[in-house]
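Chemist: One structure, as structure tokens, below. Some questions next.
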Amino acid sequence: MNSPTPSPTRGSAGDDERGKDEGDGERNDLETPRSAVRRMKGNRALNLKAVLTDPQIHVVVTCGSGGVGKTTTAAAMALYAADAGRKVAVLTIDPARRLAQSLGLGDLDNVPRKVTVEHASDAGELWAMMLDTSRTFDEMVACKSTPDHAAQILANPFYQTISTSFSGTQEYMAMEKLSQLAATREYDLIVVDTPPSRSVLDFLDAPQRLSSFLDGRMIRLLATPGRGVMKVVGAGLHMFTRAVTSVIGGQMLNDAATFVQLFEGMFGGFREGAQATYELLRSSQTAFVVVAVPEPDALREASYFADRLRGERMPLAGLILNRTHPPVADLPASTTASAAADLAVASPLTAAALNIHGDRLTVNAAERRMRARFDRAHPDLPVAEVQALAFDAHDVPALRLIAARLTAAT
Amino acid sequence: MAATTGVDEQVAHRWPSAARRARLHVVTGKGGTGKTTVAAALALALAAEGRRVLLAEVEERQGIARLFDVPPLPYEERKIAVASGGGEVRALAVDIEAALLEYFEMFYNLGFAGRSLKRMGAVEFATTLAPGLRDVLLTGKIKETVTRRGSDSRPVYDAVVMDAPPTGRIVTFLNVTVAMSDLAKRGPIRSQADGVVSLLHSDDTLVHLVTLLEDMPVAETLEAIADLKAANLPVGSIIVNAATVSRLSADALLPAAENELDMQALASGLAMAGIEPEPELLAGLTAETTDHAVRVLAEYECREQLTAAGVPMLSLPRLVDGADLGGVYELADALADQGVGR
Chain A
126 MNSPTPSPTR
136 GSAGDDERGK
146 DEGDGERNDL
156 ETPRSAVRRM
166 KGNRALNLKA
176 VLTDPQIHVV
186 VTCGSGGVGK
196 TTTAAAMALY
206 AADAGRKVAV
216 LTIDPARRLA
226 QSLGLGDLDN
236 VPRKVTVEHA
246 SDAGELWAMM
256 LDTSRTFDEM
266 VACKSTPDHA
276 AQILANPFYQ
286 TISTSFSGTQ
296 EYMAMEKLSQ
306 LAATREYDLI
316 VVDTPPSRSV
326 LDFLDAPQRL
336 SSFLDGRMIR
346 LLATPGRGVM
356 KVVGAGLHMF
366 TRAVTSVIGG
376 QMLNDAATFV
386 QLFEGMFGGF
396 REGAQATYEL
406 LRSSQTAFVV
416 VAVPEPDALR
426 EASYFADRLR
436 GERMPLAGLI
446 LNRTHPPVAD
456 LPASTTASAA
466 ADLAVASPLT
476 AAALNIHGDR
486 LTVNAAERRM
496 RARFDRAHPD
506 LPVAEVQALA
516 FDAHDVPALR
526 LIAARLTAAT
Chain B
3 MAATTGVDEQ
13 VAHRWPSAAR
23 RARLHVVTGK
33 GGTGKTTVAA
43 ALALALAAEG
53 RRVLLAEVEE
63 RQGIARLFDV
73 PPLPYEERKI
83 AVASGGGEVR
93 ALAVDIEAAL
103 LEYFEMFYNL
113 GFAGRSLKRM
123 GAVEFATTLA
133 PGLRDVLLTG
143 KIKETVTRRG
153 SDSRPVYDAV
163 VMDAPPTGRI
173 VTFLNVTVAM
183 SDLAKRGPIR
193 SQADGVVSLL
203 HSDDTLVHLV
213 TLLEDMPVAE
223 TLEAIADLKA
233 ANLPVGSIIV
243 NAATVSRLSA
253 DALLPAAENE
263 LDMQALASGL
273 AMAGIEPEPE
283 LLAGLTAETT
293 DHAVRVLAEY
303 ECREQLTAAG
313 VPMLSLPRLV
323 DGADLGGVYE
333 LADALADQGV
343 GR
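Rendered as structure tokens:
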């Protein structure tokens with residue numbers, strides 16, 4: 126084991142911390158998660174208030190697996206920055222319907238719409254949009270070719286497949302849209318919600334991946350029949366074509382070949398655009414935040430995201446650990462359990478309240494074990510914990526509550 | 003509907019009788035709902051009393067291996083767990099490349115050439131050109147396991163549980179008819195696809211939807227049910243995962259949610275147990291109780307929406323200690339209590 130910290134057996138670190146916490150008599154309140162953050166005694170706190178109000182930071186990108194509250198977090202951060210007086214655009218991928226409604230995202234028209242909400246600071250403005258992947262792709266094609274040429278591309282069946290269901294297209298278009306919005310210089314801050322792709326690899330590689338497929342070897346063969354590489358491959362190509370044609374049919378291959386010929390002149394422009402986006406993401410104007418919930422799968426994904434972002438030297442601000450359950454009442458588990466058992470008949474209400482507290486202690490202990498494991502693997506990554514709401518957030522007041530919890534750590 | 007139980011009598015809260023006949027159980031759910039864990043628990047419950055069940059994943063995620071804490075699964079069926087009564091669960095991670103090469107070898111006798119196809123990127127090429135091909139290959143492999151017979155001419159598996167793609171993709175995935183438009187009009191893949199269509203639309207197949215009692219998963223579940231029905235795909239059950247079990251009695255729930263908990267009763271109860279009812283402790287316990295009550299009521303609302311879909315509903319409790327391998331067995335028992343595997 127070459128880790129600087131010895132890795133204790135599962136659970137022991139959490140138990141130690143818990144013993145200390147129960148003794149310190151610190152007062153907690155559901156509305157002040159700050160105390161809960163201090164209780165963790167793990168990595169230092171992620172100061173999102175500083176990130177969101179830093180005039181040098183113009184882009185915040187959230188990453189994480191599905192179902193961790195990424196979209197809600199992105200919306201809450203955008204609202205916070207707008208309340209602080211910045212002009213903010215939030216780019217979402219697939220918001221819950223009620224959240225979309227409360228942000229005025231009724232129409233999928235692929236341009237930011239101003240959210241009608243009062244901000245604490247008069248200068249503040251919140252704009253929101255939902256990404257339309259194929260429309261963004263169409264616009265990109267239109268902007269990089271002549272109208273006639275663009276029309277031919279858009280009509281090609283293979284283009285339609287690529288622009289709607291090619292894996293990586295959504296990631297690519299999210300970044301393209303970010304690039305477009307950033308280029309307008311209309312906004313002080315753009316908050317981007319990313320697709321819950323299985324790995325950040327897709328997301329960081331998407332620009333290169335699309336073009337490497339499009340100018341890859343097989344596509345070249347199709348684009349230049351009867352020339353060059355094909356002669357070298359010879360009999361292999363015949364077998365290849367036969368095998369592929371036998372499963373997907375010849376029409377598909379023809380469409381693909383036509384598409385590649387139409388697209389050839391545009392690769393350069395795409396690669397330049399992708400490179401520019403990559404530079405923007407890597408600059409000091411950008412902050413990445415990884416979002417997770419305290420569950421093994423989500424934290425495993427978060428670890429992967431964090432490692433990958435660091436590996437690519439992307440500006441990673443930290444982890445948002447969403448939906449935690451710190452205890453509010455200060456009563457040890459053993460006392461709680463025995464009192465609850467004693468009162469089952471005599472005072473069912475008190476027994477219920479004590480059982481609820483006991484459940485919360487158990488949940489919290491499991492969450493802290495997971496957090497401790499994550500901290501050991503990423504000792505210098507700042508973390509902001511956000512206590513779970515008891516209900517789903519789909520309006521502006523709930524987003525403000527989340528924003529307050531997000532930015533409570535200083 | 004009574005807020006006390008959250009149960010609507012019009013819908014059977016049991017494993018439907020159709021599910022006893024079915025041999026292919028397709029498990030879907032929004033990301034983060036615990037789809038893989040529930041699929042594994044379902045496989046274990048179905049394997050009770052000496053039956054043999056295959057648990058198959060099709061997303062190349064190795065979720066089963068992680069859940070059972072074993073090394074990544076190869077492209078072969080391996081015993082992964084023993085169920086009560088001597089039953090067994092085998093696991094398979096379907097690999098798209100291996101599945102395609104299997105076809106090439108089976109029908110074109112390519113052998114060594116098949117490997118060179120792989121090296122040339124033919125598999126990625128073909129599946130990129132025709133995304134529907136992926137789904138046909140994956141469902142085709144599953145169909146093969148469902149219909150495979152042993153030397154005694156009985157099916158090798160009593161049931162197959164598929165950890166399927168998430169709700170957002172499930173209808174496209176199962177609607178092989180549509181995917182086939184991408185494919186060659188004749189040939190072995192085409193006839194394989196025809197076989198898949200008839201299996202998926204038969205009584206042998208049921209689709210189960212895993213959800214949490216939260217707005218977004220519930221909305222996605224309801225949309226998926228409507229889409230599945232429109233595509234004539236058989237919906238089996240809704241499996242609610244991680245439901246909060248109410249600790250409060252019916253009459254205490256609403257006051258607690260509205261922050262009107264009987265503090266007097268709470269204080270005297272604590273005193274009775276010899277705990278000093280200090281204001282801070284009272285405030286803390288009240289806050290936690292309110293949080294719990296609000297959560298429970300919000301879940302009732304979600305449950306009501308799900309009930310309106312008229313699909314049998316099963317319910318699994320939230321595992322407070324996190325979902326690990328022990329938790330899977332716990333959930334399998336909970337499914338058995340609701341009639342699975344009987």
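Sequence order for the protein chains is A and B. Going left to right, the first sequence walks through residues 126 to 535 as the numbering used here numbers them. Going left to right, the second sequence walks through residues 3 to 344 as the numbering used here numbers them. The beta-carbon is built from N, C-alpha and C at its ideal position, and this holds for glycine as well. Everything numeric in this text was worked out from a predicted model, so none of it was measured.
(1) Let's test the definition: count the other Cβ atoms within 10 Å of the Cβ of MET108 (chain B) and tell me whether it reaches 16, buried, or not, exposed.
(2) Contact between the stretch 57-64 of chain B and the stretch 91-109 of chain B is defined here as three or more beta-carbon pairs at a separation below 8 Å; is this criterion met?
(3) In chain order, what are the residue ranges of uninterrupted alpha helix (DSSP H) at least 4 long that sit wholly in the stretch 182-257 of chain B?
(4) Does the distance from the CB of GLN512 (chain A) to the CB of PRO451 (chain A) come in under 8 Å?
(5) Which of helix, strand or coil does DSSP assign to THR241 (chain A)?
(6) With a CB to CB cut of under 6 Å and the five nearest residues on each side skipped, what residues in its chain are close to ARG53 (chain B)?
(7) For ARG297 (chain B), count the other beta carbons within 10 Å of its own beta carbon; 16 or more makes it buried, fewer makes it exposed. Which is it?
(8) Please report the distance separating the alpha-carbon of MET298 (chain A) from that of THR261 (chain A).
(9) In whole angstroms, give me the CA-to-CA distance for TYR321 (chain A) and GLU306 (chain B).
(10) So, for ALA431 (chain A): in the same chain, excluding its five sequence neighbours on each side, which residues have a beta-carbon less than 8 Å away from its beta-carbon?
(11) Is ASN379 (chain A) buried or exposed, if buried means 16 or more other CB atoms sit within 10 Å of its CB?
(12) Within 10 angstroms of the Cβ of ASP517 (chain A), are there 16 or more other Cβ atoms? Answer buried if so, exposed if not.
(13) Taking the straight line between their C-alpha atoms, what separation do you get for VAL158 (chain B) and ALA24 (chain B)?
(14) What in chain A is Cβ-close to LEU272 (chain B), meaning under 8 Å?
(15) Could you pull the DSSP bridge partners for CYS188 (chain A) from this structure?
(16) In the DSSP assignment, what residue or residues form a beta bridge with ILE315 (chain A)?
(17) Does ASN480 (chain A) come within less than 8 Å of chain B when only Cβ atoms are used?
(18) How would you call THR449 (chain A), buried or exposed, if buried means at least 16 neighbouring beta carbons within 10 angstroms?
(19) Taking a contact to mean a Cβ-Cβ separation below 8 Å, would you say LEU318 (chain B) touches ALA245 (chain B) in this structure?
(20) Is the separation between the beta-carbon of ALA201 (chain A) and that of ILE527 (chain A) shorter than 8 Å?
(21) Does the separation of the CB atoms of ALA203 (chain A) and VAL215 (chain A) fall below 8 Å?
(22) Which chain B residues are close to HIS519 (chain A), counting only those with a beta carbon under 7 Å from its beta carbon?
(23) Closest to ARG22 (chain B) by CA distance: which of B:PRO167, B:ALA43, B:ARG68 and B:ASP206 is it?
(24) Is the stretch 207-216 of chain B in contact with the stretch 32-40 of chain B, if contact means three or more CB pairs nearer than 8 Å?
(25) Shorter than 8 Å from the beta carbon of LEU283 (chain B) to some beta carbon of chain A?
(26) Check for me: the beta strand (DSSP E) holding ILE277 (chain B) runs from which residue to which?
(27) Classify THR402 (chain A) as buried or exposed, calling it buried when 16 or more other Cβ atoms lie within 10 Å of its own Cβ.
(28) With a threshold of 8 Å between beta-carbons, can ARG297 (chain B) be considered close to chain A, or not?
(29) Using Cβ-Cβ distances below 7 Å, what residues of the stretch 163-194 of chain A are close to chain B?
(30) Which residues of chain A have a Cβ atom closer than 9 Å to the Cβ of ASP323 (chain B), listed in chain order?
(31) Compare the C-alpha of LYS239 (chain A) against each of A:LEU230, A:GLU397 and A:GLU264 and name the closest.
(32) Using the Cβ count rule (16 or more neighbours within 10 Å means buried), how would you classify PRO314 (chain B)?
(33) Under 8 Å between the Cβ atoms of LEU316 (chain B) and VAL242 (chain B)?
(34) Establish whether the CB of LEU235 (chain B) and some CB of chain A are separated by less than 8 Å.
(35) Who are the neighbours of THR294 (chain A) on chain B, taking C-beta pairs under 8 Å?
(36) For GLU2 (chain B), would you say it is in contact with chain A, using Cβ-to-Cβ distances shorter than 8 Å as the test?
Modeler: Based on what the coordinates show:
(1) MET108 (chain B) is exposed by the Cβ-count criterion.
(2) Because the criterion of three Cβ pairs below 8 Å is met, the stretch 57-64 of chain B and the stretch 91-109 of chain B touch.
(3) If we require 4 residues or more, the alpha helix (DSSP H) runs fully inside the stretch 182-257 of chain B come out as 190-202 and 217-232.
(4) A contact, by the Cβ cut-off of 8 Å.
(5) In the three-state DSSP reduction, THR241 (chain A) falls in the coil class, being neither helix nor strand.
(6) GLY89 and ASP160, listed in sequence order.
(7) Burial state of ARG297 (chain B) is buried, judged by a 10 Å Cβ sphere holding 16 or more other Cβ atoms.
(8) CA-to-CA, the gap between MET298 (chain A) and THR261 (chain A) works out to about 6 Å.
(9) Checking the displayed sequence, the identity of residue 321 (chain A) turns out to be Pro instead of Tyr. Distance between the alpha carbons of PRO321 (chain A) and GLU306 (chain B): 28 Å.
(10) Contacts found: VAL415, LEU441, LEU444, HIS503 and LEU506.
(11) An exposed status is given to ASN379 (chain A), since fewer than 16 other beta-carbon atoms sit within 10 Å of its beta-carbon.
(12) So ASP517 (chain A) ends up on the buried side.
(13) Those two C-alpha atoms are separated by around 15 Å.
(14) Simply ALA464 and THR475.
(15) Per DSSP, A:VAL415.
(16) ILE315 (chain A) pairs with A:VAL184 and A:ALA214.
(17) With 8 Å as the cut-off, ASN480 (chain A) counts as an interface residue toward chain B.
(18) Taking all protein chains in view, the Cβ of THR449 (chain A) is crowded by 16 or more other Cβ atoms within 10 Å, so the residue is classified as buried.
(19) Yes.
(20) With a cutoff of 8 Å on beta-carbon distance, ALA201 (chain A) and ILE527 (chain A) are scored as near each other.
(21) For ALA203 (chain A) and VAL215 (chain A), yes; Cβs fall inside 8 Å.
(22) By Cβ distance, chain B contributes ASP217.
(23) Out of B:PRO167, B:ALA43, B:ARG68 and B:ASP206, B:ASP206 has the C-alpha closest to the C-alpha of ARG22 (chain B).
(24) As far as the Cβ criterion goes, the stretch 207-216 of chain B touches the stretch 32-40 of chain B, which means the pair count is three or higher.
(25) By this cut-off, LEU283 (chain B) is an interface position.
(26) Counting along the chain, ILE277 (chain B) falls outside any beta strand (DSSP E), and DSSP gives it neither H nor E.
(27) Classification of THR402 (chain A): buried, given that the 10 Å Cβ count is 16 or more.
(28) With respect to chain A, the C-beta atom of ARG297 (chain B) has a partner C-beta closer than 8 Å.
(29) Taking 7 Å as the upper bound on Cβ-Cβ separation, chain B lies near residues SER190, GLY191, GLY192 and VAL193 of the stretch 163-194 of chain A.
(30) Proximity of chain A to ASP323 (chain B) at the Cβ level (cut-off 9 Å) is accounted for by THR487, VAL488, ALA490 and ALA491, in chain order.
(31) Checked all of A:LEU230, A:GLU397 and A:GLU264; the closest Cα to LYS239 (chain A) is A:LEU230.
(32) Per the 10 Å Cβ criterion, buried.
(33) A contact, by the Cβ cut-off of 8 Å.
(34) Output row for LEU235 (chain B): interface = no.
(35) Ordered by position in chain B, no residue passes the 8 Å Cβ test against THR294 (chain A), which lies about 11 Å from the chain.
(36) Absent from the structure is residue 2 (chain B), since the part of chain B shown begins at 3 and ends at 344.
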